[in-house]
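Residue numbers (the working numbering): 6 to 242.
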């Protein structure tokens, strides 16, 4: 016997009321919202993470480029100083001024510490220690054939150092320390009693010891990344 459409509709309503209760509907809707919110939150986290990583990678790349430029600038300045020193040693100036400097050096070279002012408006002052102090350090040697040429070149290098101080990327203070017991600095003026102490700090620095014949046989330029107490950038012979 076939059931009438009315009875079938009644049975469906009874099944709907029995299984689809409001509480279950609410729970199902809440579950759907929860799953959707979780997926959207996860997607947002992934997007933010990618953006965070990309942002930090960009910052690191910019910092690396800036450091490379700064290091290259420092190396270029060292090459500039070295080439200027070599050119000056090969073609030294011959003038009465340089003769006076040599005579003044012969007069003060035995003093514990000394300073020779050549021409303050053009170059830097030569500062140094005595022959006795040189003899006590195996890394130092004043009895070399090219000492006069080196002093002449150092005076010209002082002029170059004075000029380079005006460049925006130039170091705040540059040094030239010679194994012949004298040095140049573009920094502030120091009184004569402090010259020996300052020179001692220069020749005991890692960059100076590392430029010895045994440590650097090729006599090449080296870059020291450790902070220096004596100077920001240093040229050593």
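The beta-carbon is built from N, C-alpha and C at its ideal position, and this holds for glycine as well.
Buried or exposed for residue i, please, with buried defined as at least 16 other CB atoms from any protein chain shown within 10 angstroms of its CB.
{"i": "residue 47", "result": "exposed"}
{"i": "residue 132", "result": "buried"}
{"i": "residue 35", "result": "exposed"}
{"i": "residue 40", "result": "exposed"}
{"i": "residue 215", "result": "exposed"}
{"i": "residue 6", "result": "Note that residue 6 has pLDDT 46, beneath the 50 cutoff, so the model's placement of it is unreliable and the number below is only indicative. Answer is exposed; the Cβ neighbour count stays below 16."}
{"i": "residue 177", "result": "exposed"}
{"i": "residue 219", "result": "exposed"}
{"i": "residue 92", "result": "exposed"}
{"i": "residue 179", "result": "buried"}
{"i": "residue 183", "result": "buried"}
What would DSSP say about residue i, mapped onto helix, strand or coil?
{"i": "residue 237", "result": "Its pLDDT being 41, under 50, residue 237 is placed unreliably by the model, and nothing is read from it."}
{"i": "residue 75", "result": "helix"}
{"i": "residue 6", "result": "For residue 6, the predicted model reports a pLDDT of 46, less than 50, meaning its position is unreliable; a value from the coordinates is still stated below. Reduced to three states, the DSSP call for residue 6 is coil."}
{"i": "residue 128", "result": "coil"}
{"i": "residue 58", "result": "helix"}
{"i": "residue 207", "result": "helix"}
{"i": "residue 189", "result": "strand"}
{"i": "residue 225", "result": "coil"}
{"i": "residue 118", "result": "strand"}
{"i": "residue 199", "result": "helix"}
{"i": "residue 163", "result": "helix"}
Since residue i and residue j should fall inside the 8 angstroms C-beta cutoff, what is the C-beta to C-beta distance between them, to a whole number of angstroms?
{"i": "residue 153", "j": "residue 107", "result": "6 angstroms"}
{"i": "residue 4", "j": "residue 139", "result": "There is no way to answer for residue 4, as the model of the chain reaches only from 6 to 242."}
{"i": "residue 167", "j": "residue 196", "result": "That pair is no contact at about 20 angstroms."}
{"i": "residue 186", "j": "residue 127", "result": "At roughly 23 angstroms, the Cβ-Cβ gap does not stay under 8 angstroms, so residue 186 and residue 127 are not in contact."}
{"i": "residue 189", "j": "residue 159", "result": "6 angstroms"}
{"i": "residue 144", "j": "residue 63", "result": "The Cβ separation is near 46 angstroms, so there is no contact."}
{"i": "residue 112", "j": "residue 136", "result": "That pair is no contact at about 13 angstroms."}
Between the C-alpha atoms of residue i and residue j, what's the straight-line distance to the nearest angstrom?
{"i": "residue 155", "j": "residue 118", "result": "19 angstroms"}
{"i": "residue 65", "j": "residue 71", "result": "10 angstroms"}
{"i": "residue 58", "j": "residue 69", "result": "16 angstroms"}
{"i": "residue 212", "j": "residue 60", "result": "37 angstroms"}
{"i": "residue 33", "j": "residue 45", "result": "18 angstroms"}
{"i": "residue 235", "j": "residue 76", "result": "Any reading at residue 235 must be qualified, since the residue scores a pLDDT of 43, below 50, and its modelled position is unreliable; the value itself is stated next. Rounded to the nearest angstrom, the two C-alpha atoms are 19 angstroms apart."}
{"i": "residue 124", "j": "residue 116", "result": "22 angstroms"}
{"i": "residue 84", "j": "residue 78", "result": "10 angstroms"}
{"i": "residue 105", "j": "residue 157", "result": "11 angstroms"}
{"i": "residue 37", "j": "residue 56", "result": "29 angstroms"}
{"i": "residue 208", "j": "residue 74", "result": "28 angstroms"}
{"i": "residue 134", "j": "residue 109", "result": "14 angstroms"}
{"i": "residue 42", "j": "residue 81", "result": "58 angstroms"}
{"i": "residue 193", "j": "residue 150", "result": "32 angstroms"}
Cβ of residue i versus every heavy atom of the ligand HEM: is any distance shorter than 7 angstroms?
{"i": "residue 199", "result": "With respect to small molecules bound, the structure shown includes none, and the ligand HEM cannot be examined in it."}
If you pair each beta-carbon of the region 192 to 202 with each one of the region 151 to 171, do three or more pairs fall below 8 angstroms? As far as the Cβ criterion goes, the region 192 to 202 does not touch the region 151 to 171, which means the pair count is below three.
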